[in-house]
Structure formats: C-alpha cells, structure tokens
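This report concerns only the one structure given below.
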Amino acid sequence: MLRPRRNRRTPAIRSMVRETTLSPADFILPMFLHEDAADTPIHSMPGLNRWSLEGLVREAGEAHALGIPAVVIFPKIEESLKSPDGAECHNDAGLVPRAIRALKTTHPSLCVITDVALDPYSSEGHDGIVCRDASGGLAILNDETVEILCQQALCHARAGADIIAPSDMMDGRVGAIRAALDSEDFTGVSILSHTAKYASAFYGPFRGALDSSPKEGDKKTYQMDPANVREAVRETLLDEAEGADMLMVKPAGLCLDVIARVRETSTLPVAAYQVSGEYLMLKSAAAAGWLDERAAVLESLLAIKRAGASMILTYFAKQAATWLRV
Ligand code: PBG
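Counting with the numbering used here, you get residues 33 to 358 for the letters of the sequence shown.
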C-alpha cells in the first residue's frame, strides 16, 4: 500500500517536504496617510491608522526593520483639494511627494511604491475623469485620464518613488506611463501594474479609510468582472507588451485561480493584494473569538503564495513578519 502520510509523520519531515514558505521579504505594507499632525485610528479598518508624515516614517521604519522590503502609500486628500480632473495628484508639493521624500531620506533602502489613480483626488470618487454620455449616463474618459496618470507618475518619480503602481485600470496606461518615465530619464523606475483588478465588494473598508467612494455609479466599466479569468490573461499579455515590470492581481484570496493563470501566462513576477475586506473578515472573526488569528492569517498568506504570488500586499505585513520571526 502506498502511504503518503509517511511524509507528514514528524515536524522535521514536514519541514523537508514543504513546497511553499513565507518570509517577511514576501510582504509589502500598504499604508494610509493624511495631512494631520496626529496618527488617527481608522474606523472602517480596526487595528490600522491613518498616519501623519512623522508617524508614517516611523511605522515604515519599524516594518523595514522586521524584514519587509517595501511599503505602498495611499493618501487621504482634503475635500477642498479634490477636483473633477484630480489635478492635485501631480502637485510636486502635495502630500504623496512629501511622504516619498521623507521615507527615502530616512530609510534609503526601503522600497517605496506609489498608487497611481485619481480616486483620492477626484471630487467624483472615480479612478478617472468623469463625463456624461449622450443619454446622460456616467462615463469615464480613458485617454484624457491616462494623460493625467502620466503626470502623476512623473511627480512620484521626481520625488524618488522606486515603483509606480497604477491601480486605475484604464486601457493603455502602462505603455503611456513607461514612455513618460523614459522621456524624463526615469528608466530605473519600475511599473507594478494592477493587471487583473476586479470590481470587488471587498474594497469597501478601504474607500471608507480614504473617503474615496464613488459619488455616483460604480467602477464596473473599468475594473474587471469577477466572473472572468480569460480576460485576466488578455490584460496580462497587454501589460507585458506595454512594458510592465511586475503584475498584480486583486483581491488576492478570492482570485487564487487568477494568480495561478497570470503566473503561468507571464514570466514577470506576480504580486497579489489581500485587500481591506479580506483583512476585515479575518480581523473580525478573530476579534469574535471565531478564528485563531495567527493561524488563519498565515494560512491565508501561504495560500496566496502557493497560488503563484511572489509578493503579497497585506495589512497584516508587520504582524505576520513578527509571527514568522519567532
Ligand atoms: C483605488 C484603489 C482601491 C484599492 C486600492 N487602490 C479601491 C478601489 O479601486 O475602489 C483597494 C484596496 C483595498 O481594499 O484594500 N484605485
């Protein structure tokens, strides 16, 4: 009789036959920041803060010291600075460029990733410029948005960002951003494209954290339909052809099949984003005493890695890195 259980018999044997392992180097910490001088707990995301510049730099330093190589920053923009075209997104004196400079000055070896999309800056709460179609319905302008995203990417590159991560899902933005970066000699700045970003209910708490929910309509004309996986293959091939350095899938835990397909389709590294709703599911079940937080979180991250992700964006990054160290 063949007995697979022999390979599971002792911890030593299990450690030898283990196919996937997690390390703090796999994690990217998403961080929220605001213009305030105080660090403020985020109501919609228990356990997380919106950081002041000072708090952001301190927290990022702590994460880096735990072995986490990168952070990605998301700003909460004051209402008075929002506009239909989100022009504040390429203000060199804006919150994000100042945060990039502060992070790179204090922690030069930390990889700083920035989100490129208009939603935190848009008075409409959309990732692109909103207009009305002939029947008065809401539409998002693609090419006009891409021009502004290029300016946003350049603004982040000038401030010292290592990696630009467009999360807007406009067509052609990877190629356009690459050309814009190269034209100003930022050939060393990478693009981590949100290749397969689904129109997901699991982004709700994030929008609460940044006060960036769409004022009208939804994001289904630009974010992908959760029903589709071959469309993710198409986006992968396009992003690769347009010059992306890394590809991203989100929400990670609900898209393990998509991660595997993207991984097979391209030789580029794959990142996966365990999003705010996934964080909250685990966090709230643990708080109620219904799940063992440490075991459940590490298992969720391991599954994302096993599916084919080389990098995992997770709000649990610091906690998981701490658990993995002991
Ligand atoms: C916005 C953006 C969103 C997330 C990352 N970038 C929200 C959205 O598309 O509406 C979601 C991340 C999360 O839920 O943790 N471009």
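Beta carbons: idealized from backbone N, C-alpha and C, even for Gly. Quantities reported herein were computed from a predicted structural model and do not represent experimental measurements.
| Check | Outcome |
| --- | --- |
| Between which two residues does the beta strand (DSSP E) harbouring Gln306 extend? | Val302 to Gln306 |
| Does His188 come out as helix, strand or coil in the three-state DSSP assignment? | helix |
| Have a look at Ser298, Val290, Ser245 and Gly285 and flag the residue whose alpha-carbon is nearest the alpha-carbon of Leu270. | Ser298 |
| For the segment 112–167, list the beta strand (DSSP E) runs that are entirely contained and at least 3 residues long, ordered along the chain. | 143–148 and 161–164 |
| According to DSSP, simplified to helix, strand and coil, what is Met48? | helix |
| Taking the DSSP output, what are the residues bridged to Thr72? | Arg82 |
| Please classify Arg205: is it buried, with 16 or more other beta-carbons within 10 angstroms of its beta-carbon, or exposed? | buried |
| Of all the beta strand (DSSP E) runs that stay within the bounds of the segment 173–235, which reach a length of 3 or more residues? | 195–198 and 222–229 |
| Would you mind sorting Asp58 into buried or exposed? The rule is 16 or more other CB atoms within 10 Å of its CB. | buried |
| For Met278, count neighbouring C-beta atoms within 10 Å of its own C-beta (all shown protein chains included) and say buried if the count is 16 or more, exposed if not. | buried |
| What is the DSSP secondary structure of Val89, reduced to helix, strand or coil? | helix |
| Between Tyr153 and the ligand PBG, is the CB less than 8 Å from at least one heavy atom? | no |
| Which residues in the same chain have their Cβ closer than 6 Å to the Cβ of Glu296, if we skip the five residues on either side of it in sequence? | none |
| Please confirm whether Ile180 and His122 have their CB atoms less than 9 Å apart. | yes |
| Per DSSP, Lys102 is paired with what? | The amino acid occupying residue 102 in the given sequence is Ala; Lys does not appear at that position. BP columns for Ala102 point to Ile60 and Cys143. |
| Let me check understanding here. Comparing Cα to Cα, which of Arg41, Met48, Met343 and Arg262 lies closest to Pro101? | Met343 |
| What I want to know is whether the C-beta of Pro140 ends up closer than 8 Å to one or more non-hydrogen atoms of the ligand PBG. | no |
| Where DSSP assigns a beta bridge to Pro107, which residues make up the other side? | Leu65 |
| Is it a yes or a no for the segment 99–119 touching the segment 139–159, going by three-plus beta-carbon pairs under 8 Å? | yes |
| Could you give the distance in angstroms between the alpha-carbon of Ala341 and the alpha-carbon of Glu248? | 34 Å |
| Under 8 Å Cβ to Cβ from Leu88, same chain only, skipping five residues before and after it: list those, please. | Met63, Leu65, Ile105, Ala131, Ala134 and Leu135 |
| Below 9 Å between beta carbons: does that hold for Ala92 and Val103? | yes |
| The ligand PBG and Gln184: does the residue's C-beta get closer than 8 Å to at least one heavy atom of that ligand? | no |
| The beta strand (DSSP E) with Val261 in it runs from where to where? | Premise fails: Val261 is in no beta strand (DSSP E) and is neither H nor E. |
| Where does Gly160 land, buried or exposed, given buried means 16+ other C-beta within 10 angstroms? | buried |
| Where does Met33 fall in DSSP's three states? | coil |
| Would you report the Cα separation of Ala318 and Leu85, rounded to the nearest angstrom? | 30 Å |
| Among residues of its own chain, excluding the 5 on either side of Thr52, which ones have a beta-carbon nearer than 7 Å to its beta-carbon? | Leu334, Lys337 and Arg338 |
| Report yes if the C-beta distance between Asp124 and Ala191 is below 9 Å; otherwise report no. | yes |
| Rounded to the nearest angstrom, what separates Glu156 and Glu216 at their Cα positions? | 31 Å |
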